[in-house]
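*Asks:*
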Amino acid sequence: MQQYLPTLGLILILGGACNEAPPATEQPPPASEPQGQAQAFLLRQPHDYDPDTDKLITGKYQPLTSYEVPANLKPHGFWLKFEGPTWESDRIGYRAYLDSRHRYDIFGKRTTALVLDTVDLDYHKINDWGADILKVGNTLGMGSPAIYYRDSLYTWENYTAKRLEMVETKGECAVFRYYIDGLRFTDQEMDVTLEMSIAAGESQTRNRIEVRRSTLDHPIFAAGIVAHLPTRLDTTFLGQKMVATFGAQSYHEERLGMAVWADTSQAGEVLTGTPQGSHVLTLRPQNQ
Numbered sequence: 013m014q015q016y017l018p019t020l021g022l023i024l025i026l027g028g029a030c031n032e033a034p035p036a037t038e039q040p041p042p043a044s045e046p047q048g049q050a051q052a053f054l055l056r057q058p059h060d061y062d063p064d065t066d067k068l069i070t071g072k073y074q075p076l077t078s079y080e081v082p083a084n085l086k087p088h089g090f091w092l093k094f095e096g097p098t099w100e101s102d103r104i105g106y107r108a109y110l111d112s113r114h115r116y117d118i119f120g121k122r123t124t125a126l127v128l129d130t131v132d133l134d135y136h137k138i139n140d141w142g143a144d145i146l147k148v149g150n151t152l153g154m155g156s157p158a159i160y161y162r163d164s165l166y167t168w169e170n171y172t173a174k175r176l177e178m179v180e181t182k183g184e185c186a187v188f189r190y191y192i193d194g195l196r197f198t199d200q201e202m203d204v205t206l207e208m209s210i211a212a213g214e215s216q217t218r219n220r221i222e223v224r225r226s227t228l229d230h231p232i233f234a235a236g237i238v239a240h241l242p243t244r245l246d247t248t249f250l251g252q253k254m255v256a257t258f259g260a261q262s263y264h265e266e267r268l269g270m271a272v273w274a275d276t277s278q279a280g281e282v283l284t285g286t287p288q289g290s291h292v293l294t295l296r297p298q299n300q
């Protein structure tokens with residue numbers, strides 16, 4: 013039985029990405045496979061997007077370095093490979109839904125090679141390289157962001173404009189950024205920059221959020237993991253507050269460990285029983 017241990021750290025002030033030395037892997041990859049690599053990509057079909065034909069595949073997927081997300085981008089289409097940006101290290105892979113859902117999903121890997129840009133779309137079954145291993149639905153999936161306001165959670169579904177920029181697509185670390193303007197929740201809104209990165213040899217994704225404009229003086233963010241298991245671990249160690257789960261909770265009912273964490277200076281309360289069906293950690297920017 014496979015065991016997958018993805019994690020996702022949340023940092024709320026924009027800074028340099030992948031600036032910590034990655035830990036050594038338990039078993040180094042074979043010499044014939046790339047070592048010390050991570051990648052991120054956004055691939056599109058070789059025709060203009062049309063919501064009426066978003067499941068049409070006419071040719072080889074092509075890379076995008078930046079993309080203004082159309083307001084009519086539909087979920088569950090094939091125009092974007094894996095429905096949005098995809099990033100991986102030699103240990104794990106992730107994808108984000110680029111449409112208004114803005115949720116994160118996990119690929120469990122059975123190889124240390126960087127393969128997600130080359131594999132087929134039958135990723136829900138277990139292949140030689142691995143599989144999509146998380147059922148996300150309407151939950152926060154694996155570390156998806158939200159805003160906590162007046163005792164309610166608001167996911168990043170409503171906004172005026174969203175742009176994605178691929179910053180570093182391959183190397184010791186991979187980096188991409190979202191620029192979201194007019195992110196709305198009730199009568200409030202903000203403009204944010206979200207930078208996401210993964211380093212070779214690591215399983216976690218680093219998230220850094222910069223609030224460029226806000227109608228709130230002290231916004232509170234949140235991130236969560238899907239509550240497939242009723243119990244969780246809440247702990248604090250080495251100045252970090254963590255919410256984690258482990259057990260038979262993967263898409264294929266195999267054991268899977270997930271966690272979100274943040275520096276104790278930014279971590280807030282842990283929420284239970286949310287409508288999003290998630291274990292949630294609230295987060296405050298450093299300057300609050």
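Residue numbers for the sequence shown follow the working numbering, so the first one is 13 and each next one is one higher.
Backbone N, C-alpha and C fix where the C-beta goes; we use that ideal spot for every residue, glycine too.
This one's a predicted model, so the numbers in the text were calculated from it and none came from an experiment.
1. For the beta strand (DSSP E) that R189 lies in, which residues bound it at each end?
2. Counting only runs that start and end within the stretch 133 to 183, where is the beta strand (DSSP E) found for 3 or more residues in a row?
3. Looking at the strands, I want to know which residues DSSP matches up with G120.
4. Does any C-beta atom of chain B lie closer than 8 Å to the C-beta of E265?
5. Report the residue from G96, L133 and G153 whose alpha carbon sits nearest the alpha carbon of W141.
6. With distances taken from CA atoms, which of G194, P157, P58 and L68 is nearest Y116?
7. What number of angstroms, rounded off, separates the C-alpha of P75 from the C-alpha of P58?
8. Which partner residues of G71 appear in the DSSP bridge assignment?
9. Considering only their Cβ atoms, is the gap separating P97 from L165 smaller than 8 Å?
10. Per DSSP, what kind of secondary structure is K93 in: helix, strand or coil?
11. Taking the continuous beta strand (DSSP E) assigned at H6, which residues delimit it?
12. Using the Cβ count rule (16 or more neighbours within 10 Å means buried), how would you classify N84?
13. Classify G64 as helix, strand or coil using the three-state DSSP reduction.
14. With a threshold of 16 other CB atoms inside 10 Å of the CB of G120, please say whether the residue is buried or exposed.
15. How big is the Cα-Cα spacing for D102 and G280?
16. Going by other Cβ atoms of all chains shown within 10 Å of its Cβ, with 16 needed for buried, is T227 buried or exposed?
17. May I have the straight-line CA-CA distance separating Q200 from E95, to the nearest angstrom?
18. First and last residue of the beta strand (DSSP E) that includes E266?
19. Would you call the stretch 206 to 224 and the stretch 245 to 261 in contact, with 3 or more CB pairs under 8 Å?
20. Using DSSP with H/G/I as helix, E/B as strand and the rest coil, what is T286?
21. Looking at C-beta atoms only, is the number of pairs between the stretch 144 to 160 and the stretch 257 to 270 that lie closer than 8 Å three or more?
22. Using a Cβ-Cβ cutoff of less than 7 Å, which residues in the same chain neighbour V179 once the five nearest sequence positions on both sides are dropped?
23. M254 to G153, Cα distance in whole Å?
24. I think A256 touches V292, with their Cβ atoms under 8 Å apart; what is that distance to the nearest whole Å?
25. Relative to the C-alpha of D129, which candidate in H230, K93 and R224 has its C-alpha closest?
*Replies:* So, from the listed chains and residues:
1. C185 to F197
2. 142 to 144, 154 to 161, 164 to 167 and 173 to 180
3. When beta bridges are read from the DSSP output, G120 appears opposite I104 and A143.
4. Of the protein chains in the structure, only one exists, and it is not chain B.
5. L133
6. P157
7. Rounded to the nearest angstrom, the two C-alpha atoms are 10 Å apart.
8. DSSP, once it has assigned bridges, lists no residue as partnering G71.
9. no
10. helix
11. Absent from the structure is residue 6, since the part of the chain shown begins at 13 and ends at 300.
12. With fewer than 16 other CB atoms across the displayed protein chains lying within 10 angstroms of its CB, N84 is exposed.
13. In the sequence as displayed, the identity of residue 64 is Asp instead of Gly. Here D64 sits in helix by DSSP.
14. buried
15. Distance between the alpha carbons of D102 and G280 is about 32 Å.
16. With fewer than 16 Cβ atoms within 10 Å of its Cβ, T227 is classed as exposed.
17. 28 Å
18. Premise fails: E266 is in no beta strand (DSSP E) and is neither H nor E.
19. Put simply, the stretch 206 to 224 does not touch the stretch 245 to 261. Fewer than three CB pairs are less than 8 Å apart.
20. Reduced to three states, the DSSP call for T286 is coil.
21. yes
22. V187, F188 and R189
23. 16 Å
24. Their Cβ separation, rounded to whole angstroms, is 13 Å, which puts A256 and V292 out of contact at 8 Å.
25. Ranking the options by Cα distance to D129, first place goes to K93.
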